[in-house]
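Residues in the sequence shown are numbered consecutively from 855, following the working numbering. Below you'll find the structure, written out as structure tokens, and then a few comments.
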Amino acid sequence: MTDSATLDRTAELERKIDVLTEQVQFLAEEARAQGQRRRALEELQADLTPIAVQAIERSAYTLDEVQIDPSDLLRLAVRVAENATMLENLMIQMESVTELATELKPIVNRGIVKAIELADEFDQRGYFEFAEAGFGVIDRIVTGYTKEEVEALGDNVVDILDIFKDLTQPEMLAVADRLLEVVQRQQRIAALEQQDPPSLFGLVGMMRDPEIRRGLGRALRTFKAVSAAETEQAEKAQANNTTEDTPGGA
855 MTDSATLDRT AELERKIDVL TEQVQFLAEE ARAQGQRRRA LEELQADLTP IAVQAIERSA
915 YTLDEVQIDP SDLLRLAVRV AENATMLENL MIQMESVTEL ATELKPIVNR GIVKAIELAD
975 EFDQRGYFEF AEAGFGVIDR IVTGYTKEEV EALGDNVVDI LDIFKDLTQP EMLAVADRLL
1035 EVVQRQQRIA ALEQQDPPSL FGLVGMMRDP EIRRGLGRAL RTFKAVSAAE TEQAEKAQAN
1095 NTTEDTPGGA
């Protein structure tokens, strides 16, 4: 019984010693931390003391040079009091602007990110290279044409667009496609033929081909229509000039 009680007291004593040891270690760590903080504050004080002394000396020197009139301070205070409402409204507006800027900041950030992504996409798709090439074409036009030529081109731009509009009609595109196909086929045939030109009798022999006669007929009709249009245009221009030259046409 006595041995059991002795063991219990020994175990309790050891537990208390362990608790006391932990507390001593905690106090030692706190003391070390406090010492480190104290040394840091001392170092900060040592660093800031010369700066503070210099700032005080500079402020004293500046205030010594400035002559403050009490009446000026009083007048300033009166002006501030008189415009207190305006200053308050100005502060309210500034707060509104600050709130608006805070609300718009995420939108602006998203817009910038979107613009960067769009610019990167344009760059990958070659838009910038195309624009650079376009500027090169414009530069060649500017350096290759005079002001008068550009103005003449501007005067006739409607007629040029009308011609392009007519050329882009389906039937005209079909004719151009067939003509291009025929020309390419004839070029391939010509590359295989002899280089000597056909004789007069050879040309006469070709006239027996119905396709050749039909093609010549179409070409002659086309030339006739073009000549008639040119003649009609020339007669109209001559008639206009005659009307302007007469006294009543002026």
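Positions of the beta carbon are idealized from the N, C-alpha and C atoms, including for glycine.
Endpoints, the alpha helix (DSSP H) within which residue i is located
| i | result |
| --- | --- |
| T997 | Y981 to G998 |
Which of helix, strand or coil DSSP assigns to residue i
| i | result |
| --- | --- |
| D1016 | helix |
| D872 | helix |
| D1063 | coil |
| S858 | helix |
| Q1041 | helix |
| S1081 | helix |
| N1094 | helix |
| Q1023 | coil |
Backbone CA spacing between residue i and residue j [nearest angstrom]
| i | j | result |
| --- | --- | --- |
| R863 | T875 | 18 Å |
| L954 | M948 | 10 Å |
| A938 | R912 | 33 Å |
| Q879 | S950 | 56 Å |
| V962 | A969 | 10 Å |
| L1054 | R1067 | 16 Å |
| D1063 | I995 | 48 Å |
| A931 | L895 | 41 Å |
| I871 | A887 | 24 Å |
| E1065 | R1075 | 15 Å |
| K1019 | L1027 | 11 Å |
| G980 | I966 | 21 Å |
| T1085 | N1010 | 21 Å |
| S925 | R933 | 12 Å |
| S1081 | A1045 | 34 Å |
| V1036 | E983 | 36 Å |
| I946 | L958 | 18 Å |
| G1069 | Q1023 | 23 Å |
| Y915 | G889 | 39 Å |
| A1093 | Q978 | 59 Å |
| A1104 | K1078 | Because the pLDDT at A1104 is just 42, under 50, the model does not fix this residue reliably, and the point stays unresolved. |
| R893 | T903 | 15 Å |
| R869 | E883 | 21 Å |
Chain C contact for residue i (CB, 8 Å cutoff)
| i | result |
| --- | --- |
| I1014 | In the displayed structure, chain C is absent; only one protein chain is listed. |
Every unbroken alpha helix (DSSP H) within the segment 900-979, with a cutoff of 4 residues, ordered by chain
924-936 and 938-979
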